[in-house]
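First to last, the sequence lines map onto chains L and H.
Read in the numbering used here, the first sequence has 47 at position 47, and its numbers run on one by one without any break.
If you want the numbering used here, it's the 1-based position in the second sequence plus 1000.
Just so you know, even glycine gets a beta-carbon here, dropped at the ideal spot from N, CA and C.
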Amino acid sequence: DAGVTQSPTHLIKTRGQQVTLRCSPKSGHDTVSWYQQALGQGPQFIFQYYEEEERQRGNFPDRFSGHQFPNYSSELNVNALLLGDSALYLCASSYTTGGYTFGSGTRLTVV
Amino acid sequence: GIQVEQSPPDLILQEGANSTLRCNFSDSVNNLQWFHQNPWGQLINLFYIPSGTKQNGRLSATTVATERYSLLYISSSQTTDSGVYFCAVGEGAQKLVFGQGTRLTINP
């Protein structure tokens, strides 16, 4: 049973560019959440998707957007990248109630 | 929003020692999880424990929801236990709020 799968694992982008990160949830899970973890900090909630709609959003600018597909997989898009967007981006999946399962993350470096 | 505080921020122990990590939270919660973040960044779910006590091998956790705290116990520490331990609580139905973590270093 595959857990949460994220791609790519590492990414280097230039300021001003756009990036798309991808996540496949654990089998049986229908909800996907995205988190940003800066170095030395705890993860911060970006947003959550359920039934292909954004259900809740954290304190992140509109440059951060997402999408959920009918097969429950999800994408995180970040436009107009800033140096401060460099972080580990974590995807978590869950089902209704119960705990969250996290993927290994995508480490984004903006230069 | 809900506040989550973990202590201590750093803990250095010798192999074989026992340790207790604490998580305090500011409001009632319906979800509390303990995670271990490995050196590659993955968050490994240790316990889903909104209340009560659970044990898994050398690890156990207790959450006293009425007093708004949770404890993670690690017995007979091994070097592979090193890493950052996070407590995360649910705010509403959608969001996990993480503490700042406890960095545990187990020396051989």
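Are the beta-carbon atoms of residue i and residue j separated by less than 9 Å?
i: Gly1083 of chain H; j: Gln1006 of chain H; result: no
i: His29 of chain L; j: Tyr89 of chain L; result: no
i: Tyr1073 of chain H; j: Leu1059 of chain H; result: yes
i: Leu1071 of chain H; j: Leu1021 of chain H; result: yes
i: Ser65 of chain L; j: Pro25 of chain L; result: no
i: Gln1094 of chain H; j: Phe102 of chain L; result: no
i: Tyr1085 of chain H; j: Gln1033 of chain H; result: no
i: Pro1050 of chain H; j: Val1029 of chain H; result: yes
i: Val12 of chain L; j: Thr109 of chain L; result: Note that residue 12 of chain L is Ile in the sequence shown, not Val. The answer is yes: Cβ separation under 9 Å.
On the DSSP letters alone, give me the boundaries of the beta strand (DSSP E) that residue i sits inside.
i: Tyr50 of chain L; result: 44 to 50
i: Ser7 of chain L; result: 5 to 7
i: Lys26 of chain L; result: Premise fails: Lys26 of chain L is in no beta strand (DSSP E) and is neither H nor E.
i: Asn77 of chain L; result: 74 to 78
i: Ile1106 of chain H; result: 1102 to 1107
i: Ser1082 of chain H; result: Run containing Ser1082 of chain H: none; DSSP gives neither H nor E here.
i: Ser111 of chain L; result: Before going on, a small fix: residue 111 of chain L reads as Val here, not Ser. Here Val111 of chain L belongs to no beta strand (DSSP E), and DSSP marks it neither H nor E.
i: Trp1034 of chain H; result: 1032 to 1037
i: Thr1053 of chain H; result: 1052 to 1056
i: Trp1040 of chain H; result: Where Trp1040 of chain H is concerned, there is no enclosing beta strand (DSSP E), given that its DSSP letter is neither H nor E.
i: Gln1094 of chain H; result: No beta strand (DSSP E) contains Gln1094 of chain H, which DSSP labels as neither H nor E.
By alpha-carbon positions, which one of the options ends up nearest to residue i?
i: Gly3 of chain L; options: L:Arg107, L:Tyr49, L:Thr14, L:Ser27; result: L:Ser27
i: Tyr50 of chain L; options: L:Gly84, L:Ala87, L:Val32, L:Leu83; result: L:Val32
i: Thr5 of chain L; options: L:Cys23, L:Leu76, L:Thr14; result: L:Cys23
i: Ser1077 of chain H; options: H:Ile1044, H:Leu1096, H:Glu1091, H:Thr1105; result: H:Thr1105
i: Pro1009 of chain H; options: H:Asp1027, H:Glu1015, H:Asn1018, H:Cys1087; result: H:Cys1087
Can you give the beta carbon distance from residue i to residue j, rounded, assuming they're within the 8 Å contact cut?
i: Ser104 of chain L; j: Trp1040 of chain H; result: 7 Å
i: Gln48 of chain L; j: Gln37 of chain L; result: Actually they do not touch by this definition, with Cβ atoms about 16 Å apart.
i: Ile1044 of chain H; j: Phe1025 of chain H; result: Actually they are not in contact, since the Cβ atoms of Ile1044 of chain H and Phe1025 of chain H sit about 21 Å apart, beyond 8 Å.
i: Pro1108 of chain H; j: Thr1079 of chain H; result: 6 Å
For the ligand MG, I want to know if residue i counts as a neighbour, meaning its beta carbon is within less than 8 Å of at least one of the ligand's heavy atoms.
i: Ser1026 of chain H; result: Judged by which ligands are present, the structure shown has none, so any question about the ligand MG falls away.
Could you tell me whether the stretch 36 to 52 of chain L touches the stretch 5 to 19 of chain L, where touching means 3 or more Cβ pairs closer than 8 Å?
no
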